[in-house]
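In my numbering, the protein residues as written are 11 to 124.
A quick write-up on the structure given underneath.
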């Protein structure tokens, strides 16, 4: 989960550029409010295939990586968000990226009562 969240941070920060899927191209812009509204993310939503982590990772290393990315994301501010479209939702503003990052982390941390 930590590696998955870290990989999602990479997308928002412009370090990773997964391609848009056909479903996102068709309906992503209409579903965009799901990503940046005030409601928590639903359980069992599909994930971006490139950030689906299936191999074992070291908890300590992945925890530190994610922590550092969160600090950098916060320190760099909204202007540092990527202009590259989200793989499903498409073009996002920096505010939408920020709220989406928060919701994504909150969603996964709550899975483990963190």
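Cβ atoms here follow ideal geometry from the backbone N, Cα and C, with glycine treated the same way.
Which residue or residues does DSSP assign as beta-bridge partners of residue 96? Taking the chain shown and counting its residues from 1, the one referred to as residue 96 is at position 86. Beta-bridge pairing links residue 96 to 100.
Taking residue 22 and residue 83 to be in contact with their CB atoms under 8 Å, please state how far apart those CB atoms are, rounded to whole angstroms. Within the chain shown, numbered from 1, the residue matching residue 22 stands at position 12. Within the chain shown, numbered from 1, the residue matching residue 83 stands at position 73. Correct: roughly 7 Å between the Cβ atoms.
Member of 17, 107, 121 whose CA lies at the smallest distance from the CA of residue 64: Position 54 of the chain shown, counted from the start, is the residue given in the question as residue 64. Out of 17, 107, 121, 17 has the C-alpha closest to the C-alpha of residue 64.
Per-residue DSSP class, three states only, for residue 51: Here residue 51 refers to the residue found at position 41 when the chain shown is read from its first residue. Residue 51 falls in the coil class under three-state DSSP.
Compute the Euclidean distance between the alpha carbons of residue 25 and residue 94, then round it to the nearest angstrom. Translated into the one-based positions of the chain shown, residue 25 becomes position 15. Translated into the one-based positions of the chain shown, residue 94 becomes position 84. When rounded, the distance between both Cα atoms is 10 Å.
For residue 75, which residues from the same chain have a beta carbon less than 6 Å from its beta carbon, with the 5 sequence-adjacent residues on both sides left out? Translated into the one-based positions of the chain shown, residue 75 becomes position 65. Closer than 6 Å at Cβ, skipping near neighbours: 16.
Do the segment 26–42 and the segment 88–107 meet, that is, are 3 or more Cβ pairs less than 8 Å apart? yes
Identify which residue in 40, 70, 53, 59 has its Cα closest to the Cα of residue 28. Here the question's residue 28 lines up with position 18 in the chain shown. Among 40, 70, 53, 59, the Cα nearest to that of residue 28 belongs to 59.
State the start and end residues of the unbroken alpha helix (DSSP H) segment that holds residue 46. Here the question's residue 46 lines up with position 36 in the chain shown. Looking at the DSSP string, the run of the alpha helix (DSSP H) that includes residue 46 is 39–46.
Taking buried to mean at least 16 other C-beta atoms within 10 Å of its own C-beta, is residue 119 buried or exposed? Within the chain shown, numbered from 1, the residue matching residue 119 stands at position 109. Classification of residue 119: exposed, given that the 10 Å Cβ count is below 16.
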